[in-house]
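Under the working numbering, think of the first position of the sequence shown as 1402, with each following residue one higher.
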Amino acid sequence: MTKLSVRDLDVRGKRVLVRVDFNVPTEVLGGKVRVTDDTRIRESLPTINYLREHGAKIILMSHFGRPKGKPAEKYSLRPI
């Protein structure tokens, strides 16, 4: 069985849901959240850039922290 990649598909004009791991370490400095290690984000960029260059509409899905089933602003991906 062959494993497919986004490069094997016609993504132009299609919505593509990409599960990414943006659960990155952060610190708060001066009231602003700062990513201390962006390795996981950088590793996602080749796929994201490929999809953009080939006309896909990208939906990124990730999580951040462990909110225990309830919305918690401190676990928002907005600053990431």
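By construction, the Cβ of each residue, glycine as well, lies at the ideal position given by its N, Cα and C atoms. Please read all numbers here as calculations on a predicted model, not as lab measurements.
What first and last residue would you give for the alpha helix (DSSP H) that runs through residue i?
{"i": "Thr1440", "result": "Thr1440 to Glu1454"}
Closer than 6 Å by C-beta to residue i: which residues in its own chain qualify, once you throw out the five before and the five after it? Chain order, please.
{"i": "Pro1426", "result": "Thr1437 and Asp1438"}
What does a CB cutoff of less than 8 Å around residue i pick up in its chain, not counting 5 residues either side in sequence?
{"i": "Val1434", "result": "Thr1427, Glu1428, Pro1480 and Ile1481"}
Alpha carbon to alpha carbon, how far is residue i from residue j?
{"i": "Arg1467", "j": "Gly1456", "result": "34 Å"}
{"i": "Asn1424", "j": "Met1402", "result": "31 Å"}
{"i": "Asn1450", "j": "Leu1430", "result": "30 Å"}
{"i": "Ile1442", "j": "Val1421", "result": "8 Å"}
If I follow the unbroken beta strand (DSSP E) through residue i, where does it start and stop?
{"i": "Met1462", "result": "Lys1458 to Met1462"}
{"i": "Val1417", "result": "Arg1416 to Arg1420"}
Identify the residues that DSSP records as bridge partners of residue i: which are they?
{"i": "Thr1427", "result": "Val1436"}
Under 7 Å Cβ to Cβ from residue i, same chain only, skipping five residues before and after it: list those, please.
{"i": "Leu1478", "result": "Phe1423, Ser1463 and Phe1465"}
{"i": "Thr1448", "result": "Val1407 and Val1419"}
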